[in-house]
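Participant: First, the structure itself, so that you have it in front of you.
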Amino acid sequence: MIEAANNPTPPTTRSTPTGKSGLGGSPGGITPISTTRARLTAQQELILMEICRETLGDTWKEDHQYKVWIRISEEFEKRARRTFSWQSCQRRFKACMKKEMTRRSVNLNWELPSTPAGRLASKWISESKMIRLPPVPPQLATGQRDPSSMMATIPQTQEYQEHEQAAKAQAWQERMDKWMNTSTDPQNFSHETLPAVNNTTVGEPAEGIVQKDNVPPPAKTAAEPVYRKDLQEISDKIDRVAENILNSTQRLLKEVQLQQRREMEEFRDRIMTLIRDESDLISQNITSASEDLSESLGDLTMTTSITHNNILESMSNIMKLRRDSRVLLKIAAAEGKINPVPPCL
């Protein structure tokens, strides 16, 4: 097992052959049950979950190397006196934890699981979540108030509110200018007509316009016409925005395709892993069956040879008895004790 652990290729745990003399050939030894696909009892499943909890701890969600599962399989064989492959141990552990997580997500009554292994998994998950919770801040003394609530109750002056609104408007204007790749200089928009602003309050700038101090209001003049050059600039801006949206959509589509491809590759890898594990188990069962068949054929051949020897010995004894009978008949006929039977004509 140590050589298999040092091998980079994950080994396949084979069932331990046992004989009449017990485990390891010692008379009266305890023979563990050799199985890979049989169902575990409730006690054996509980033993497996206890070993996984002692070995994995709070890192049960991570993917561990096969050496860890080989140690778990060996420890399970020592405690439960039953041989179980490391692939089966890993699969049974993941199935139990997934079943418990599913039960937690759909069960609103928080009923305890029916099996001991399920209850151990529930306790394990709860303790892991408690460890990952952030530390609780120290409680305030009696009569003290939370600083955040005290700051919320401080009255704000009109000047502070106007300053905050102006800062928000300036930040919004900068974001819009950066997105549209335009400047905040009013000279660039001298040939454009701005929409009228209605329902504005004092100290609150209109949407899209930054309020500035010490700036006289513009003189009321007749609306100037929009030139073809300005229309071309607006069209170019719209084209740039549409191109940016198209590029963003294409990038998003490529990312979605890459994500789907990665998910398909992961799914294919999982399927190949399952097929490889099942193939190993099938080959293991075939090897065990062939070994048992070869042993049975050897026993049958030995029994047949012994029976053949007995038959040959019996035939030789019959031939010897026949010769002795002929000799005795000849002696008796010579002494006149019996009359020889004439041969039939």
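30 is the number of the first residue of the sequence shown in the numbering used here; add one for each residue after it. Cβ atoms here follow ideal geometry from the backbone N, Cα and C, with glycine treated the same way. This one's a predicted model, so the numbers in the text were calculated from it and none came from an experiment.
Spatial neighbours of residue 213 within its chain, please: C-beta separation below 6 Å, excluding the five flanking residues on both sides.
Facilitator: Only weak support is given to the placement of residue 213: the predicted model assigns it a pLDDT of 48, under 50, and the question is left unresolved by the model.
Participant: Grab me the residues of residue 126's own chain with a C-beta within less than 6 Å of its C-beta, minus the 5 sequence neighbours each way, in chain order.
Facilitator: 150
Participant: May I have the straight-line CA-CA distance separating residue 278 from residue 284, to the nearest angstrom?
Facilitator: 10 Å
Participant: Within the chosen definition, does the region 293-308 reach the region 91-100 through at least 3 CB pairs nearer than 8 Å?
Facilitator: no
Participant: Going by DSSP, what residue range makes up the alpha helix (DSSP H) through residue 90?
Facilitator: First-last for residue 90: undefined, no H or E at that position.
Participant: Can you grab the Cα-Cα spacing for the pair residue 221 / residue 190, in whole Å?
Facilitator: Bear in mind that the predicted position of residue 221 carries a pLDDT of just 44, short of 50, making it too unreliable to give a figure here.
Participant: Can you tell me whether residue 324 is buried or exposed, with buried defined as 16 or more other CB within 10 angstroms of its CB?
Facilitator: exposed
Participant: Along the chain, where does the alpha helix (DSSP H) that runs through residue 114 open and close?
Facilitator: No alpha helix (DSSP H) contains residue 114, which DSSP labels as neither H nor E.
Participant: Using 10 angstroms around the beta-carbon of residue 119, count the other beta-carbons present and answer buried if the total reaches 16, otherwise exposed.
Facilitator: buried
Participant: What is the DSSP secondary structure of residue 127, reduced to helix, strand or coil?
Facilitator: helix
Participant: Mind checking which residues open and close the alpha helix (DSSP H) that includes residue 364?
Facilitator: Unbroken run through residue 364: none, as it is neither H nor E.
Participant: In this structure, does DSSP put residue 352 in helix, strand or coil?
Facilitator: Three-state result, residue 352: helix.
Participant: If you compare alpha carbons, which of 307, 359, 328 is closest to residue 116?
Facilitator: Check the Cα spacing between residue 116 and each of 307, 359, 328: the tightest is with 307.
Participant: Could you tell me the alpha carbon to alpha carbon distance between residue 76 and residue 320, rounded to whole angstroms?
Facilitator: C-alpha separation (whole angstroms): 31 Å.
Participant: Tell me the DSSP secondary structure of residue 68 in three-state form.
Facilitator: coil
Participant: Distance check for residue 271 and residue 261, CA to CA, integer angstroms please.
Facilitator: 15 Å
Participant: Is it right to say residue 70 is buried, meaning 16 or more other beta carbons lie within 10 angstroms of its own, or is it exposed?
Facilitator: By the neighbour-count criterion, in which a residue is buried when 16 or more other Cβ atoms sit within 10 angstroms of its Cβ, residue 70 is exposed.
Participant: Taking buried to mean at least 16 other C-beta atoms within 10 Å of its own C-beta, is residue 114 buried or exposed?
Facilitator: Residue 114 counts as buried, since no fewer than 16 other beta carbons sit within 10 angstroms of its beta carbon.
Participant: For residue 107, tell me which candidate among 133, 90, 73, 351 has the shortest Cα-Cα distance.
Facilitator: 73
Participant: Residue 354 to residue 316, Cα distance in whole Å?
Facilitator: 57 Å
Participant: Distance, Cα to Cα, residue 145 vs residue 79?
Facilitator: Approximately 10 Å, taken between the alpha carbons.
Participant: Which of helix, strand or coil does DSSP assign to residue 368?
Facilitator: coil
Participant: For residue 131, count the other beta carbons within 10 Å of its own beta carbon; 16 or more makes it buried, fewer makes it exposed. Which is it?
Facilitator: exposed
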